[in-house]
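Trainee: Counting from 289, one number per residue, gives the positions in the sequence shown under our numbering.
Once you've had a glance at the structure underneath, I'll fire off some questions.
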Amino acid sequence: MVTRRNVLGMGAAALAACAGCSHGAATPAADDEMALWCWPGGLSDKVLAAAKEHFAGQAQLTVKIIDGDFKQQLTTALDQGHGVPAIVGIKGEDIASLLPRADRFTDLKTLGAADVQGDYLPWKWQQGSTIDGQLIGFPIDIGPSAMFYRPHLFQKAGLPTAPAAVSEAIPDWSAYLEVGRRFVKAVPGVAFVASGTQVFSVCLGQGTKRFVDEGNHFIGGEAHIRRAWDFAVGVSRKGLGAAVQSDSPRWPAGIAQGKFATDLGAAWHALDIEQAAPATKTAWRVAGASAAGANSGGSFLAIPAAATRKDLAMTVIKWLLSPENQAAAFSDVWLFPSTPAAYRMPALTAPDAFFGNQRTIDVFGASAEKVHHVFEAPADAALADLYIKQLKLVEAGKDPNAGWHDAVAAAQAAAVRLGVN
Numbered sequence: 289m290v291t292r293r294n295v296l297g298m299g300a301a302a303l304a305a306c307a308g309c310s311h312g313a314a315t316p317a318a319d320d321e322m323a324l325w326c327w328p329g330g331l332s333d334k335v336l337a338a339a340k341e342h343f344a345g346q347a348q349l350t351v352k353i354i355d356g357d358f359k360q361q362l363t364t365a366l367d368q369g370h371g372v373p374a375i376v377g378i379k380g381e382d383i384a385s386l387l388p389r390a391d392r393f394t395d396l397k398t399l400g401a402a403d404v405q406g407d408y409l410p411w412k413w414q415q416g417s418t419i420d421g422q423l424i425g426f427p428i429d430i431g432p433s434a435m436f437y438r439p440h441l442f443q444k445a446g447l448p449t450a451p452a453a454v455s456e457a458i459p460d461w462s463a464y465l466e467v468g469r470r471f472v473k474a475v476p477g478v479a480f481v482a483s484g485t486q487v488f489s490v491c492l493g494q495g496t497k498r499f500v501d502e503g504n505h506f507i508g509g510e511a512h513i514r515r516a517w518d519f520a521v522g523v524s525r526k527g528l529g530a531a532v533q534s535d536s537p538r539w540p541a542g543i544a545q546g547k548f549a550t551d552l553g554a555a556w557h558a559l560d561i562e563q564a565a566p567a568t569k570t571a572w573r574v575a576g577a578s579a580a581g582a583n584s585g586g587s588f589l590a591i592p593a594a595a596t597r598k599d600l601a602m603t604v605i606k607w608l609l610s611p612e613n614q615a616a617a618f619s620d621v622w623l624f625p626s627t628p629a630a631y632r633m634p635a636l637t638a639p640d641a642f643f644g645n646q647r648t649i650d651v652f653g654a655s656a657e658k659v660h661h662v663f664e665a666p667a668d669a670a671l672a673d674l675y676i677k678q679l680k681l682v683e684a685g686k687d688p689n690a691g692w693h694d695a696v697a698a699a700q701a702a703a704v705r706l707g708v709n
């Protein structure tokens with residue numbers, strides 16, 4: 289049976305097995321080689337090893353694991369126009385800034401990618417596409433969101449404990465705040481959630497718009513942003529949060545000590561929880577609740593415009609990212625599949641021991657199906673950080689309306705500097 293601890297162990301073994309891989313900037317490949325660039329953990333080493341054997345009669349597949357700033361090394365090679373590999377990875381956080389440079393990549397639809405488009409989540413396929421429909425990035429993995437929670441703490445508060453019942457009790461963010469209010473009243477000394485910034489990020493991710501529209505106009509002051517802001521502020525106004533960020537040194541201790549009843553995040557966040565608090569095995573469950581339908585993370589494979597043997601490169605990509613191999617990658621390094629067919633395979637349907645033998649795929653798979661496509665501009669991540677900064681100040685005591693005004697003003701000024709209208 290595949291458990292998360294097995295996944296961690298196999299992931300460590302895979303990294304150890306890759307110790308002989310070359311690191312740093314790549315050199316031009318020989319004619320009989322097909323080079324693939326990626327970062328540590330970006331693909332499954334077991335699947336890559338199988339690919340080398342599978343395609344041995346057609347090409348020598350060489351994998352370059354690049355440490356450091358992957359995007360910088362990639363863009364440098366693309367700008368130079370030589371020494372580029374046949375296949376490159378693109379991190380999820382970089383896709384928005386690379387889509388405007390589509391001329392540096394091959395439209396994968398010209399190589400038959402559309403033949404398998406129906407196998408992948410539509411929103412993820414669109415995420416790797418330009419506004420005019422060129423497919424630059426072929427989907428690797430995704431990060432569907434959910435609510436991690438402690439059932440014994442819910443029980444203390446007189447709340448439902450089974451995942452389905454919890455989701456029924458918390459269908460939206462208004463209900464999340466109300467249940468949180470009931471919880472902190474019933475269980476003093478325990479926060480309902482670490483920080484309202486989690487609510488902001490997930491709530492915003494459930495929508496169809498962010499901070500910049502497809503016409504390159506700033507929309508960071510509109511109702512969809514204010515809605516996510518108000519729900520996040522509700523956490524501090526109602527005394528539900530601990531003002532602890534997920535990247536803070538205080539977060540692991542809070543998770544381990546049971547200081548938060550819920551934690552919001554993507555499927556891969558489950559590993560963060562286990563690593564922070566291994567002794568809490570079986571003390572957690574996962575529910576879609578108000579958090580389902582957002583995505584955080586997930587990467588792509590692409591073919592540079594200057595690459596050779598593009599048809600074979602496309603064949604390799606299709607093979608690497610087939611449903612069967614995505615399921616294998618999940619077992620190896622916890623890359624959550626972008627192809628729903630994998631959700632019915634044993635690697636994903638096995639009960640998860642850390643979560644009390646819950647079939648967590650039932651939650652994360654359903655969440656993935658609910659995600660909407662949303663346009664993400666190159667400036668989006670930088671603008672989001674400005675709202676998060678102000679939410680932290682609100683948690684520290686700043687007036688929420690002043691925080692909103694300052695967030696919008698700072699974001700609008702930053703957007704202008706970043707070339708947004």
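C-beta: ideal position from N, C-alpha, C; glycine also.
(1) When we look at the beta-carbon of Thr364 and count the other beta-carbons within 10 Å, is it buried (16 or more) or exposed?
(2) Work out the CA separation of Val467 and Ala314 for me, nearest whole Å.
(3) Distance check for Ile676 and Leu255, CA to CA, integer angstroms please.
(4) CA-CA distance, Ile458 and Tyr464?
(5) Which word fits His557, buried or exposed, when buried means at least 16 other C-beta atoms lie within 10 angstroms of its C-beta?
(6) So if DSSP puts Val523 in a beta bridge, which residue, or which two residues, is it bridged to?
(7) Between Val472 and chain D, is the shortest Cβ-Cβ distance under 8 Å, so that the two count as touching?
(8) For Asp551, which of helix, strand or coil comes out of DSSP?
(9) Would you please state the rounded distance, in angstroms, between the beta carbons of Ala347 and Met322? I believe it to be under 8 Å.
(10) What are the boundary residues of the beta strand (DSSP E) that Glu321 is part of?
(11) Would you mind listing the alpha helix (DSSP H) stretches within the region 388 to 460 that are 4+ residues and don't spill past its ends, in chain order?
(12) Closest by CA to Ser433, which one among Asn709, Leu552 and Phe426?
(13) Quick one: what's got a C-beta closer than 7 Å to Ala695's C-beta in the same chain, skipping five residues either side?
(14) Quick one: is Thr570 buried, meaning 16 or more other Cβ sit within 10 Å of its Cβ, or exposed?
(15) Put Lys352 into one of helix, strand or coil per three-state DSSP.
(16) Going by other Cβ atoms of all chains shown within 10 Å of its Cβ, with 16 needed for buried, is Glu683 buried or exposed?
(17) Report the residue from Gly707, Leu423 and Asn689 whose alpha carbon sits nearest the alpha carbon of Gly509.
(18) Could you give the C-beta distance for Ala577 and Ser483, rounded to a whole number, given that I count them as a contact under 8 Å?
(19) By DSSP, does Asp687 sit in helix, in strand, or in coil?
(20) Measure the Cβ-Cβ separation of Asp429 and Pro634 and say whether it is below 8 Å.
(21) Between the Cα of Val351 and those of Ala530, Val704, Phe618 and Gly377, spot the shortest distance and give me the residue it belongs to.
(22) By alpha-carbon positions, which one of Phe480, Pro427, His370 and Asn645 ends up nearest to Ala445?
(23) In the DSSP assignment, find the beta strand (DSSP E) that holds Phe480 and state where it starts and stops.
(24) Span of the alpha helix (DSSP H) holding Arg647?
(25) By a C-beta neighbour count over all protein chains shown, 10 Å radius and 16 as the cutoff for buried, is Ala401 buried or exposed?
(26) By DSSP's criteria, Phe588 is part of a beta bridge. Which residues make up the other side?
(27) Starting from Val574, trace the beta strand (DSSP E) in both directions and tell me its first and last residue.
(28) Please return the same chain residues whose Cβ sits closer than 8 Å to the Cβ of Arg597, not counting the five positions on each side in sequence.
(29) How would you call Gly503, buried or exposed, if buried means at least 16 neighbouring beta carbons within 10 angstroms?
(30) Put Asn583 into one of helix, strand or coil per three-state DSSP.
(31) Just list the residues that DSSP pairs Pro566 with in beta bridges.
(32) Suppose the cutoff is 8 Å on Cβ atoms and the five residues either side in sequence are ignored; what does the same chain contact list for Phe499 look like?
(33) Measure the Cβ-Cβ separation of Pro611 and Asp403 and say whether it is below 8 Å.
(34) When the Cα atoms are used, what is the spatial distance from His370 to Asp357?
(35) CA-CA distance, Pro566 and Tyr437?
(36) If you compare alpha carbons, which of Asp620, Phe588 and Ala593 is closest to Ile605?
Mentor: Once the coordinates are examined:
(1) By the neighbour-count rule (16 or more Cβ atoms within 10 Å), Thr364 is not buried but exposed.
(2) Interpretation of Ala314 is limited by its pLDDT of 38, a score under 50 that renders its predicted location unreliable; no figure is taken from the coordinates.
(3) This structure cannot speak to residue 255, because the chain is shown only from 289 to 709.
(4) Roughly 5 Å between the two C-alpha positions.
(5) By the neighbour-count criterion, in which 16 or more other beta carbons inside 10 Å mark a residue as buried, His557 falls on the buried side.
(6) Its beta-bridge partners do not exist; DSSP assigns none.
(7) Looking at the structure shown, chain D is missing, and only one protein chain is on hand.
(8) Asp551 falls in the strand class under three-state DSSP.
(9) About 4 Å separates the two Cβ atoms, so the contact holds.
(10) Per DSSP, Glu321 belongs to the beta strand (DSSP E) from Glu321 to Cys326.
(11) With a minimum length of 4 residues, the continuous alpha helix (DSSP H) runs that stay inside the region 388 to 460 are 410 to 415, 439 to 444 and 451 to 457.
(12) The option with the nearest alpha carbon to Ser433 is Leu552.
(13) Only Leu674, Tyr675 and Gln678 meet the Cβ criterion.
(14) It counts as exposed.
(15) Looking at Lys352 - three-state DSSP - the assignment turns out to be strand.
(16) Classified as buried, Glu683 has 16 or more neighbouring CB atoms from the shown chains inside 10 Å of its CB.
(17) Per the C-alpha coordinates, the member of Gly707, Leu423 and Asn689 positioned closest to Gly509 is Asn689.
(18) Between Ser483 and Ala577 the Cβ distance is about 17 Å, and since that is not below 8 Å, they are no contact.
(19) Residue state, collapsed to three classes: coil.
(20) Cβ atoms of Asp429 and Pro634: not closer than 8 Å.
(21) Comparing Cα positions, the closest option is Gly377.
(22) Per the Cα distances, Phe480.
(23) Looking at the DSSP string, the run of the beta strand (DSSP E) that includes Phe480 is Ala479 to Val481.
(24) That residue, Arg647, is in no alpha helix (DSSP H); it is neither H nor E in DSSP.
(25) By the neighbour-count rule (16 or more Cβ atoms within 10 Å), Ala401 is buried.
(26) Answer by DSSP bridge pairing, in chain order: Ile378 and Pro427.
(27) Per DSSP, the unbroken beta strand (DSSP E) holding Val574 starts and ends at Arg573 to Ala575.
(28) Result list for Arg597: Met322, Ala347 and Ala374, in chain order.
(29) When all chains shown are included, Gly503 counts as exposed.
(30) Three-state result, Asn583: strand.
(31) Beta-bridge partners assigned by DSSP to Pro566: none are found.
(32) Correct list, in chain order: Phe506, Ile507, Gly508, Ile513, Ala665, Ala667, Asp668, Leu671, Ala672, Ala699 and Ala703.
(33) No, the Cβ-Cβ distance between Pro611 and Asp403 is not below 8 Å.
(34) Cα-Cα distance, rounded: 19 Å.
(35) Approximately 15 Å between the Cα atoms of the pair.
(36) Nearest to Ile605 by C-alpha distance, out of Asp620, Phe588 and Ala593, is Phe588.
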